[in-house]
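Colleague: Pasting a structure below so you can have a look.
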Amino acid sequence: MYLVGFVGGWWLARLRAARADLGWSRQQVDDLLFYVVLGVILGGRIGYTLFYGMANLLEDPLSLFRIWEGGMSFHGGLLGVLIAMWLYARRLSRPFFQLTDFLAPLIPVGLGAGRLGNFINGELWGAPGNVPWAMRVSCEQFISLCRDKLQLPFATEFTPPLHPTQLYESLLEGLVLFILLWLFSSRPRPLMAVSGLFLVAYGLFRFGIEFLRMPDAHIGYLAFGWLTMGQLLTLPMLAGGSILLVLAYRNQGKVN
8 MYLVGFVGGW WLARLRAARA DLGWSRQQVD DLLFYVVLGV ILGGRIGYTL FYGMANLLED
68 PLSLFRIWEG GMSFHGGLLG VLIAMWLYAR RLSRPFFQLT DFLAPLIPVG LGAGRLGNFI
128 NGELWGAPGN VPWAMRVSCE QFISLCRDKL QLPFATEFTP PLHPTQLYES LLEGLVLFIL
188 LWLFSSRPRP LMAVSGLFLV AYGLFRFGIE FLRMPDAHIG YLAFGWLTMG QLLTLPMLAG
248 GSILLVLAYR NQGKVN
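Quick note on this note's numbering: the sequence shown kicks off at 8 and runs consecutively.
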């Protein structure tokens, strides 16, 4: 799924680079992919260990490098990509937000593919629900889900019907977000506008779906009996995206 996201994003970046008003060459797009891959993988892994697995990291620092055991954070990956874009912007001598505006419409491809990967792996299941498309999961296959999150007895064969929130996120954070950003960026926009819209739209989708997801068993709810770590990490995205949109349309002389 990571490969699908990277290759799909690179192909779409080549299409965007064909627009003369954006001023991107194919070589610059290829180099951009290299920076994005580093940002996603390093930022995603380090972010996960800091946000969700700090206790385990302190107990076993080498767990940071055992990527085959799973554990990647979108918010960490986003920070990693932002750092990578800052470095690449310095190399190209371009404004930082010119790069993030170019990149933002491509990110939903990786997000959508990644959530499909979560579904295939049987991870990040939602809370119990009575919708017709809810799915029952084998407790024998997903022991940690049944034992740690749902606290079901070992004798139970299947979970109650669960929301397939991985598919909800793949639809909203992938397909819907891609269509929204691709159409919005198809016309020249003020600098920072595309980046701001990405942060706000993703933040709203993620914050809402978290109400249907179960919190991480070792973290639980952080406050109010419903606030999850995912929602807490999304709040700065909503605030930052709103600020970028306001600033963008106050200074409409520059376009991306």
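Using N, Cα and C, we set each Cβ at its ideal position, and we do this for glycine too.
None of the values given here were measured: they were computed from a predicted structure.
So is I150 buried or exposed if we call it buried at 16+ other beta carbons inside 10 Å?
Modeller: Residue mapping note: residue 150 aligns to position 143 of the sequence shown, counting from 1. Exposed, by the Cβ-count rule.
Colleague: Among T172, H170, A208, whose alpha-carbon lies nearest the alpha-carbon of Y188?
Modeller: Locating residue 188 in the sequence shown gives position 181, counting from the first residue. Looking at the sequence provided, one finds Leu at residue 188 rather than Tyr. Ranking the options by Cα distance to L188, first place goes to A208.
Colleague: Check S283 in the structure and name its three-state DSSP category.
Modeller: In the structure as shown, the chain starts at 8 and stops at 263, and residue 283 therefore has no counterpart that could be examined.
Colleague: Going by the beta-carbon positions, is the gap between L152 and M199 smaller than 7 Å?
Modeller: The sequence position of residue 152 within the sequence shown is 145, counting from 1. The sequence position of residue 199 within the sequence shown is 192, counting from 1. Their beta carbons are not under 7 Å apart, which means L152 does not touch M199 by this criterion.
Colleague: Kindly give me the distance between the Cβ atoms of E180 and L118, rounded to whole angstroms, as I take these residues to be in contact under 8 Å.
Modeller: The residue given as residue 180 occupies position 173 in the sequence shown. The residue given as residue 118 occupies position 111 in the sequence shown. Rounded, the Cβ-Cβ distance is 4 Å, consistent with contact.
Colleague: Closest to S100 by C-alpha separation, out of I114, W31, Y175, T172, would be which residue?
Modeller: On the sequence shown, residue 100 is found 93 positions in, with the first residue counted as 1. Of the listed residues, the one whose Cα sits closest to S100 is W31.
Colleague: Determine the burial state of Q148: buried for a count of at least 16 other Cβ atoms within 10 Å of its Cβ, exposed for fewer.
Modeller: Taking the sequence shown and counting its residues from 1, the one referred to as residue 148 is at position 141. The residue in question, Q148, is exposed, as its Cβ has fewer than 16 Cβ neighbours within 10 Å.
Colleague: Suppose the cutoff is 7 Å on Cβ atoms and the five residues either side in sequence are ignored; what does the same chain contact list for M8 look like?
Modeller: Position 1 of the sequence shown, counted from the first residue, corresponds to residue 8. The residues are A120, G121, L123, G124.
Colleague: Please go through the same chain and pick out, in chain order, the residues whose beta-carbon is closer than 6 Å to the beta-carbon of M221, but skip the five residues on each side of it.
Modeller: Along the sequence shown, one-based indexing puts residue 221 at 214. Answer for M221: A134, K156, listed in chain order.
Colleague: So is G107 buried or exposed if we call it buried at 16+ other beta carbons inside 10 Å?
Modeller: Along the sequence shown, one-based indexing puts residue 107 at 100. Per the sequence shown, residue 107 should be read as Thr rather than Gly. The residue in question, T107, is buried, as its Cβ has 16 or more Cβ neighbours within 10 Å.
Colleague: May I ask you to verify whether the stretch 37-46 touches the stretch 60-73, counting CB pairs closer than 8 Å and requiring at least 3?
Modeller: In short, these stretches do not touch, since the Cβ pair count stays below three.
Colleague: In whole angstroms, give me the CA-to-CA distance for T166 and Q158.
Modeller: By 1-based counting over the sequence shown, the position of residue 166 is 159. By 1-based counting over the sequence shown, the position of residue 158 is 151. Rounded to the nearest angstrom, the two C-alpha atoms are 10 Å apart.
Colleague: Are the stretch 48-60 and the stretch 84-102 touching by the rule of at least three beta carbon pairs closer than 8 Å?
Modeller: Because the criterion of three Cβ pairs below 8 Å is met, the stretch 48-60 and the stretch 84-102 touch.
Colleague: So does the stretch 126-133 actually touch the stretch 167-177, counting three or more Cβ pairs closer than 8 Å?
Modeller: Touching, yes, given that three or more Cβ pairs across the two stretches are closer than 8 Å.
Colleague: In this structure, how does DSSP classify G129 when only helix, strand and coil are distinguished?
Modeller: Looking up residue 129 in the sequence shown gives position 122. Three-state DSSP puts G129 in coil, outside helix and strand.
Colleague: For R194, does the three-state DSSP call read helix, strand or coil?
Modeller: As a working mapping, residue 194 is identified with position 187 in the sequence shown. DSSP places R194 in coil when its eight states are reduced to three.
Colleague: Go ahead and label I186 buried or exposed: buried means 16 or more other beta carbons lie within 10 angstroms of its beta carbon, across all protein chains shown.
Modeller: Here the question's residue 186 lines up with position 179 in the sequence shown. Counting Cβ neighbours within 10 Å, I186 comes out exposed, since fewer than 16 surround it.
Colleague: Which residue marks the beginning of the alpha helix (DSSP H) containing R26, and which one marks its end?
Modeller: The count along the sequence shown starts at 1 and reaches residue 26 at position 19. It is not in any alpha helix (DSSP H) - R26 carries neither H nor E in the DSSP assignment.
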